[in-house]
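Under UniProt numbering, the first residue of the sequence shown is numbered 1, with each subsequent residue one higher.
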Amino acid sequence: MTVRIAGIGLGGLGLLELEQFAAMEGVEVVAGADPSAAARDRFIEAFEQPVYESTDELLANHPDLDAATIASVHAGHFEQATACIEAGLDIHLEKPMVTTVDEAVALVAAADERDALVQVGYQRHVDPYYVELRRLIEEGAVGTPRMAHCHLQQDWLRDYARSWRGDPTLSGGGFLYDSGSHIMDALPWALDAEPNEVAALTDDRDEGIEIDAAISARFERDDGVVTASVGVCGDGTRTPDVDDGLTVYGTEGSLHYDGDELVHVKRGGEERAVEVDGDTDFEALTRKKLENFVAAIRGEEELVAPPEDGLRAIAFTEATVRAAERGETVDVQQLVDAARAR
């Protein structure tokens, strides 16, 4: 089966993903769309295929498409993804999936109604360290998880905050809606848990958007409650990649991931470094998640990051921002339930 795919949003990440799709057997890049003339020129140079200013133009001229990959400004995701779903396409949608809980609920419903595949671009779902950490939790390596803490930092304030990524009308918010979105997804995904209650403090560094966040949260699992702390720093030292880590404590031990090593500690103190195989560089993880998307289209695999994961992450994020603004604990599921009721 040849998968005919178009790219919406032709910046650096959009072109990288299209190049990786084009390198896959049985995948054809047939069109692109971007409001930037310079981006369109780069697409033509790379792929020698038609390119358009808007998603609507692209869809109108290519009724034979199978899929689209969307790597545009965050605030455009919902409208573009909805248009693609209505056109009968499966979509790979970069993070954050959308910028509000209302949009996330509506997008999940649209995908369900049209039986469309929606893959969210959270590459930690294919990162061998996070995959192994999640697997070990599932098999009971720490017993019942009770406590977690994690962090993510990047020199985002200097490198990205004054681009479109720091404009809430385009990005949805600050650091939490950009690179920080990865940890807002990775924590509940690794725990296989739903965020329940959130309290938070944020610092905007006089930028008018959240740069740093200190978050306390409660998560619900089938076997109980996990209390967690999250530190997200957009005024960090790592660039362009992020630095992140996650520790989970349970009734029988703990797991510690610091970005370079995963360590399992049993109750009593016995510890071992967990052997983890596989590439962890950005391009390798990007290729892996895109290969999963194509395999899912062909019916060979399940999506590693379905839209429900995107909904959970943006609900956690929106609850965090509200909690910081109001100075009170926010019920995450109430946000989701209210959106579903509208």
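Glycine included, C-beta positions come from ideal geometry on N, C-alpha and C.
Cβ distance (whole Å) where residue i is taken to contact residue j below 8 Å
i: residue 29; j: residue 21; result: 6 Å
i: residue 358; j: residue 19; result: Not covered by the structure: residue 358. The range shown for the chain is 1 to 342.
i: residue 358; j: residue 313; result: The question about residue 358 has no answer, for the chain in this structure spans 1 to 342.
i: residue 294; j: residue 27; result: 6 Å
i: residue 317; j: residue 184; result: 5 Å
i: residue 170; j: residue 315; result: Incorrect: roughly 21 Å between the Cβ atoms, too far for contact.
i: residue 114; j: residue 65; result: Not a contact, Cβ separation roughly 14 Å.
i: residue 346; j: residue 175; result: No answer is possible for residue 346: the residues shown for the chain start at 1 and end at 342.
i: residue 285; j: residue 123; result: 4 Å
i: residue 142; j: residue 187; result: 15 Å between Cβ atoms; not a contact.
Three-state secondary structure (DSSP) of residue i
i: residue 113; result: helix
i: residue 250; result: strand
i: residue 71; result: coil
i: residue 92; result: strand
i: residue 23; result: coil
i: residue 108; result: helix
i: residue 30; result: strand
i: residue 310; result: helix
i: residue 98; result: coil
i: residue 4; result: strand
i: residue 119; result: strand
i: residue 65; result: coil
i: residue 18; result: helix
i: residue 10; result: coil
i: residue 330; result: strand
i: residue 345; result: Limits of the chain in this structure are 1 at one end and 342 at the other, which puts residue 345 out of reach.
i: residue 126; result: coil
Buried versus exposed, by CB contacts within 10 Å (16 or more), residue i
i: residue 164; result: exposed
i: residue 36; result: exposed
i: residue 180; result: buried
i: residue 240; result: exposed
i: residue 80; result: buried
i: residue 269; result: exposed
i: residue 267; result: exposed
i: residue 99; result: buried
i: residue 55; result: buried
i: residue 63; result: exposed
i: residue 112; result: exposed
i: residue 234; result: buried
i: residue 61; result: exposed
i: residue 334; result: exposed
i: residue 217; result: buried
i: residue 121; result: buried
i: residue 337; result: exposed
Inset, instruction - Mind the definition here: the region 248-266 touches the region 136-153 only if three or more C-beta pairs lie below 8 Å; say whether that holds. - result: At 8 Å Cβ cutoff, the stretches touch.
Legend entry - Cβ contact (3+ pairs, closer than 8 Å) linking the region 100-111 and the region 200-214: Inter-segment contact for the region 100-111 and the region 200-214 is absent: fewer than three beta-carbon pairs are separated by less than 8 Å.
Legend entry - contact_flag[the region 188-204, the region 261-279] where n(CB pairs < 8 Å) is 3 or more: With a cut-off of 8 Å, the region 261-279 and the region 188-204 do not count as touching, because too few Cβ pairs lie within range.
Inset, instruction - Specify whether the region 88-100 and the region 67-78 touch according to this definition: at least 3 beta carbon pairs, one from each stretch, less than 8 Å apart. - result: Contact between the region 88-100 and the region 67-78 is present, because at least three Cβ pairs lie under 8 Å.
Inset, instruction - Pick out the complete alpha helix (DSSP H) segments inside the region 264-307, 4 residues or longer, and give them in chain order. - result: Taking only runs of at least 4 residues, the alpha helix (DSSP H) segments lying wholly in the region 264-307 are 282-297.
Inset, instruction - Any chance you could list the alpha helix (DSSP H) runs of at least 4 consecutive residues sitting entirely within the UniProt domain "GFO/IDH/MocA-like oxidoreductase" (130-255), in chain order? - result: Within the UniProt domain "GFO/IDH/MocA-like oxidoreductase" (130-255), complete alpha helix (DSSP H) segments of at least 4 residues are found at 156-159, 168-171 and 181-191, given in chain order.
Inset, instruction - Report yes or no: do the region 138-146 and the region 211-225 share at least 3 C-beta pairs separated by less than 8 Å? - result: Yes, they touch.
Inset, instruction - Would you be able to state if there are at least three C-beta pairs under 8 Å between the region 322-342 and the region 124-141? - result: The region 124-141 is not in contact with the region 322-342.
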